[in-house]
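Counting from 29, one number per residue, gives the positions in the sequence shown under this note's numbering.
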Amino acid sequence: MSESASRQDNKRNSNLYKEKAFFLKNHFSIRNIQKIIEYFLVDEDELVRKAALLTLIHLHSNNIQLHITLYRQLKKLLKDTNEDVRIAAMNAIWLLVSQNGDYKIIPEYDNYHGLLVNDAFMKICNMINDSSVTVRTKTCAILGSFKNVHINYLCQALTKKILSNFKYKKQDQNSSSSRNNSSRSSKKIKIPSGDLLLDNEKIYLSDASACGAFVHGLEDEYQEVRNAALDSICEHSLQSLLFAQKAIVFLVDMFNDEIFEIRLQAIHILHKIASKHVIRLSQDQLQNVLSSLQDASSISRFAAHKMLSALYVVNSECAKILIKALLNDITAYKEDQESVYNCFKHIGLKHADFIENLIPVLLKIEKPFLPQEQVSDDPIHIGHIILIYNAASIKPKILYQVPEYTFKQYYYLRDVYPDCFPILTVCLNKIIIIITVILIFLSFNYSLYTQLIDDLLNDVILSIQSIKNQVDNGRYQHALDIIKDCKSKLFYIKKTKDSLSEKVELISQYLSCCKIILKNYKTHSTNIEYFASLLQLTYQMQYTFMGVQSCLLPQLEAFRVLSHLLLISQYLKTSNGIQKLKKTIGSYILPSFNITNNIKKTKVSISSTIDAKEIKFSAEMPYHIDIKANIKNVTDPTNLLIEVIMPNQAKYFYNPLIHHFKPSGPYSYKLNSFIVLEENAWSDYANIEIHITYEFQPQFDTVDKYLLNYNEITSANITNNTSCKVRLTEVPLVLSIYPEVIK
29 MSESASRQDN
39 KRNSNLYKEK
49 AFFLKNHFSI
59 RNIQKIIEYF
69 LVDEDELVRK
79 AALLTLIHLH
89 SNNIQLHITL
99 YRQLKKLLKD
109 TNEDVRIAAM
119 NAIWLLVSQN
129 GDYKIIPEYD
139 NYHGLLVNDA
149 FMKICNMIND
159 SSVTVRTKTC
169 AILGSFKNVH
179 INYLCQALTK
189 KILSNFKYKK
199 QDQNSSSSRN
209 NSSRSSKKIK
219 IPSGDLLLDN
229 EKIYLSDASA
239 CGAFVHGLED
249 EYQEVRNAAL
259 DSICEHSLQS
269 LLFAQKAIVF
279 LVDMFNDEIF
289 EIRLQAIHIL
299 HKIASKHVIR
309 LSQDQLQNVL
319 SSLQDASSIS
329 RFAAHKMLSA
339 LYVVNSECAK
349 ILIKALLNDI
359 TAYKEDQESV
369 YNCFKHIGLK
379 HADFIENLIP
389 VLLKIEKPFL
399 PQEQVSDDPI
409 HIGHIILIYN
419 AASIKPKILY
429 QVPEYTFKQY
439 YYLRDVYPDC
449 FPILTVCLNK
459 IIIIITVILI
469 FLSFNYSLYT
479 QLIDDLLNDV
489 ILSIQSIKNQ
499 VDNGRYQHAL
509 DIIKDCKSKL
519 FYIKKTKDSL
529 SEKVELISQY
539 LSCCKIILKN
549 YKTHSTNIEY
559 FASLLQLTYQ
569 MQYTFMGVQS
579 CLLPQLEAFR
589 VLSHLLLISQ
599 YLKTSNGIQK
609 LKKTIGSYIL
619 PSFNITNNIK
629 KTKVSISSTI
639 DAKEIKFSAE
649 MPYHIDIKAN
659 IKNVTDPTNL
669 LIEVIMPNQA
679 KYFYNPLIHH
689 FKPSGPYSYK
699 LNSFIVLEEN
709 AWSDYANIEI
719 HITYEFQPQF
729 DTVDKYLLNY
739 NEITSANITN
749 NTSCKVRLTE
759 VPLVLSIYPE
769 VIK
């Protein structure tokens, strides 16, 4: 019975709802409802007026558009005696404007921008002189939410000077004031020189109370009003560069407010504006801004440092004043040092031209004398180096003007303050030029030249060992930048000094392993090709370089374990154990290592006894091709294979007999062997490639074979492939063959 009664009640309620909806649809349109509400806006009872306004707001919240004719009555309610009514009227006007901002109202004077949004903005500005703190606070908040207000009205709200929009005529002292031929105005009226004769039919003055609305808000005695005014100025400044430039003067004045929260908010707002627009400070404005550095609160000073890092100054003198003020801050407050250095970084990046002009002052360089090396641990000198080298990243020619001792300090300080220094690959070019000049003027003193190259390599190794610290501190991008810088230097060393080329190539491949790990750790990539590439590099380093066993083998094995963990994590992503393992990835990065000078790379040159570039033979008969190769730095030649890659990418491996290898020196052999091709007939000539490869058994049999084959390290076309291979030839032997049918 209860379920039946419930269904009947639901049916009855549904019928009532349909009848009510039908009645409303046919008897009350939206406009009629708003007319009824509008009638109550002029009710004698303030509670009724408030309820009517709240009803309009409720209609808007239900996606019902307010009619534009309500605007006239809503403007009148801004002068209501009740505070709640005035606030509700402002809210209703703002909602009306948000729907009809581009609506044109009847012009009231010449050159009038007759849009609803402009008129409503000025009417709300009038409310800044309201007696109620709550109303003034709400006024400032609403002013900031207006969009697309004409810039003239925004500027009017920033100045107490009344802007007029009328035509006038300037009268001379002896001019007549009579404008018609009526006999009643036959006398001449003397007008003082400089006075304006206003044409009453053309006059329109903005309400005096609307002028300087933002300024009145900033000067209000109550903190909440000033807060709201600052927020509104911020919103309009982000939308308009012209308004932002005019508002800076008032924002800077707020740095001297007696309330700490107001000062801090003004600093944050100027920082936000400077991050959106290019704001250049004059010397007077800069002096006012620098007053924020004297605040007793470290929070305020740190915020000021961020703000100054986003601003621009107009000339070198202003840059000098700014730098001096920040250095004084370091002297007065030791805890500000790191924050100031970070500020110097951005100042150098934004003012490269000015910093270039200040180099003699910053480094105490006098033309008649040789530059004297400054103490690298001096906080002030560190700030100067940060400024100069960040400016040099924008303007590289600065590096040719600084003393050579600053390069050593740059590499040292870059490791101490990694967030404050750029990675300058141009420094390498500077060092190259220095070396070249030394070679010319020292009659090609190669001993000194060699020492400079060795020092450069040692600097690379020190930089590599610092990567571990960057990873531990979460600075993955900086670690990647160091790797990029090191690889550039290694490339130059390899081209310059042949005796170091093998050692340099090993270090470069080692950095490639680190780069793969860092990229995966930074991006959390799930691409198995990354893990396969990492594993490939470890085996390539182990089997193509002699001497790796003594210095790098433990690290290579750690890299292999890491590649396995990353592979497993793709299939057990939700496992708690795997999540814990992922957190240990950083521990696999670069403990300190020492690559000895005994590194030798396996080198292979391959040739054939056949002189013809094109070889044609019968497809019905096996074809014999002699292979010769010179092999250096190989411990066990029995693991060497001849690899043939066919045009269809099929791969064949031939195992030379042991007597085919003839010793030619320590760990060196000459190979005299052959291959036999058995091919079906082809339609034309095609190229084959012949390589020498090294066959090895992987450390972790199943997983390693899977990863190596995944990245095509071994041939997928070879059946019964039970081992892995590393290719030793850098340049293959290429032959053009044509198996044809002999008729």
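From the three backbone atoms N, C-alpha and C, an ideal C-beta is built for every residue, glycine too.
Can you check whether the CB of residue j is closer than 9 Å to the CB of residue i?
i    : j    : result
C239 : K304 : no
E384 : K423 : yes
Y439 : D487 : yes
H688 : S696 : no
I655 : I670 : yes
Q62  : L102 : no
C514 : S529 : no
T721 : L761 : no
L124 : L69  : no
R308 : D364 : no
Please determine, among the options, the residue with the shortest C-alpha to C-alpha distance to residue i.
i    : options                : result
L171 : W122, S89, I58         : W122
S635 : I643, I414, A657       : A657
L318 : C346, I297, V253       : C346
Y428 : I387, Q498, E706, H412 : I387
A338 : L314, I535, V403       : L314
F372 : Y738, Y340, A360, I393 : Y340
L270 : E252, L292, A302, I489 : A302
L355 : Y99, V280, I413        : I413
K175 : R114, V253, S260       : S260
Q437 : H409, L82, S421        : H409
F587 : D732, N316, E707, D71  : D732
H379 : V499, V769, Q400, S344 : S344
Y181 : Q725, S159, D281, C153 : C153
C168 : H95, P582, N157        : N157
When the Cα atoms are used, what is the spatial distance from residue i to residue j?
i    : j    : result
S764 : T551 : 45 Å
Q564 : I276 : 59 Å
F728 : Q577 : 17 Å
A744 : I511 : At A744, the pLDDT of 39 sits below 50, so the modelled position is not reliable; the number obtained from the coordinates is stated separately. Whole-angstrom Cα-Cα distance: 34 Å.
V759 : S633 : 8 Å
Q493 : A419 : 27 Å
V243 : F382 : 35 Å
Q479 : P431 : 20 Å
K698 : T572 : 17 Å
H592 : I451 : 33 Å
Y266 : E289 : First, the residue type needs correcting, since residue 266 is Leu and not Tyr in the sequence shown. Answer to the nearest angstrom: the Cα atoms are 21 Å apart.
K547 : Y558 : 9 Å
S471 : L539 : Confidence in S471 is poor, its pLDDT being 42 and thus under 50, which makes the residue's placement unreliable; the coordinate value appears in the next sentence. So the alpha carbons of these two residues sit roughly 36 Å apart.
R291 : I481 : 54 Å
E585 : S751 : 18 Å
Y67  : D108 : 16 Å
L75  : A117 : 13 Å
P675 : F449 : 51 Å
P767 : P650 : 10 Å
L534 : F681 : 27 Å
L246 : E286 : 12 Å
V662 : R442 : 41 Å
K362 : D406 : 13 Å
L562 : Q311 : 56 Å
A241 : Q322 : 30 Å
I187 : T434 : In the sequence as displayed, the identity of residue 187 is Thr instead of Ile. Computed Cα separation, rounded: 51 Å.
A507 : L82  : 59 Å
N119 : S173 : 11 Å
Per DSSP, what are the beta-bridge partners of residue i in this structure?
i    : result
V672 : Y680, I718
S635 : K656
V704 : H652
E642 : S764
L693 : It should be noted that the sequence gives Gly, not Leu, for residue 693. Beta-bridge pairing links G693 to S696.
R755 : T721
K628 : M574
L143 : K132
For chain C, check one thing: does any of its Cβ atoms lie closer than 9 Å to the Cβ of residue i?
i   : result
I92 : Reference to chain C is not applicable here, since this structure consists of a single protein chain.
When you measure from the CB of residue i to every non-hydrogen atom of the ligand NAP, does any distance come out below 8 Å?
i    : result
A294 : The model on display carries no ligand, and the ligand NAP is accordingly not part of it.
Worksheet item: At which residue ranges does the stretch 365-441 contain complete alpha helix (DSSP H) runs of 4 or more residues, listed in the order of the chain?
Response: 365-378, 380-390, 407-422
Item to complete: Run through the stretch 283-371 for me and flag every whole alpha helix (DSSP H) of 4 or more residues, listed as ranges in chain order.
Response: 288-304, 311-318, 326-338, 344-360
Practice prompt. For the stretch 515-576, list the alpha helix (DSSP H) runs that are entirely contained and at least 4 residues long, ordered along the chain.
Written response: 529-551, 556-572
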